[in-house]
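Chemist: Using mature numbering (1 follows the signal peptide of the UniProt record, and there is no 0), the letters of the sequence shown correspond one by one to residues -24 to -1, 1 to 149.
Here a beta-carbon is modelled for each residue, glycine too, at the ideal position from N, C-alpha and C.
Only a predicted model underlies this, so the values are computations on that prediction, with no experimental measurement involved.
Provided herewith is a single structure, encoded as structure tokens, for subsequent inquiry.
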Amino acid sequence: MDGFTLRNVALAVALSTGMGTAFAATSNDFVDNAAAGGIAEIETSRLALEKSSSADIKAFANMMITDHSKANDELAALARKNDIEVPDTTTLVKQAKEKILEVRDESFDAAYANNQVKAHEETIELFKKEANTVTDDKLKGATELKAFAQKMLPALEKHLAEAKKLQAAHPDK
């Protein structure tokens, strides 16, 4: 069957941590991780639109694409304004797609739902850490990044709650 295993979809969604750290030496860690995580969310959600026949999965995937695209655009603008290097989107998308294409199994919906929960828990942790950071005014953009993280947390919490509903509706078989 053409689907995806939980473990391998986890690899795709975990790009939010794995790919972000690969760029940590060249720019702001929070920007790197948030940008990579947003790209992974968008790419796995695009795949969900192709692979799933469940209306709730597709509705959630559309929300992820819309919300994470807006957040990534805002983050990129903030980074540019403060001369913070952002990982190359084309490279991140290519790496995300390569990871996603490696996967095969039977229950895409359950894998997608489970990993949306995990990815959002990790993303919320990342954003809470940034939101609660004592800002160093000497670091360019630190105050604005903190404000961005604080602003995004309610939407991320909403995404997590919706992902948990999907997880309950699409249990592992």
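Check D148 in the structure and name its three-state DSSP category.
Modeler: Three-state result, D148: coil.
Chemist: Considering just the uninterrupted stretch of the alpha helix (DSSP H) at T42, what are its terminal residues?
Modeler: Residues 31 to 57.
Chemist: Identify whether T109 lies in helix, strand or coil by the three-state DSSP scheme.
Modeler: Coil, per DSSP.
Chemist: Just the Cα atoms here: how many angstroms apart are D32 and L115?
Modeler: Between D32 and L115, the C-alpha separation is close to 42 Å.
Chemist: Indicate whether the contact test is met: 3 or more Cβ pairs, each with one atom in the region 59 to 70 and one in the region 23 to 32, closer than 8 Å.
Modeler: No, they do not touch.
Chemist: Grab me the residues of D43's own chain with a C-beta within less than 8 Å of its C-beta, minus the 5 sequence neighbours each way, in chain order.
Modeler: A131, H135.
Chemist: Under a Cβ-count criterion, where at least 16 other Cβ atoms within 10 Å of its own Cβ denotes burial, should D(-23) be classed as buried or exposed?
Modeler: The pLDDT assigned to D(-23) is 38, lower than 50, so where the model puts this residue is not dependable, and the model offers no usable value.
Chemist: Per DSSP, what kind of secondary structure is G117 in: helix, strand or coil?
Modeler: Looking at G117 - three-state DSSP - the assignment turns out to be coil, as it is neither helix nor strand.
Chemist: For my contact list, D5 and S83 are in at a C-beta cut-off of 8 Å; report their separation, rounded to the angstrom.
Modeler: Between S83 and D5 the Cβ distance is about 34 Å, and since that is not below 8 Å, they are no contact.
Chemist: Considering only C-alpha positions, which residue in the set E120, E133, A53 is nearest to M40?
Modeler: Closest option to M40, Cα to Cα, is E133.
Chemist: Does V7 pass the burial test, meaning 16 or more other C-beta atoms within 10 Å, or should it be called exposed?
Modeler: When all chains shown are included, V7 counts as buried.
Chemist: Using only CA atoms, which one of A35, E101, A86, L54 lies nearest to G13?
Modeler: That would be E101, whose Cα lies nearest to the Cα of G13.
Chemist: Label K46 either buried or exposed according to how many other C-beta atoms from any shown protein chain fall within 10 Å of its C-beta, with 16 as the threshold for buried.
Modeler: Looking at its Cβ environment, which holds fewer than 16 other Cβ atoms inside 10 Å, K46 is exposed.
Chemist: In three-state DSSP terms, what is V62?
Modeler: DSSP places V62 in coil when its eight states are reduced to three.
Chemist: Got a sec? Which residues, its chain only, sit under 7 Å from K122 by beta carbon, not counting five neighbours each side?
Modeler: Closer than 7 Å at the Cβ level, and outside the excluded window around K122, lie E106, A107, T109, T111.
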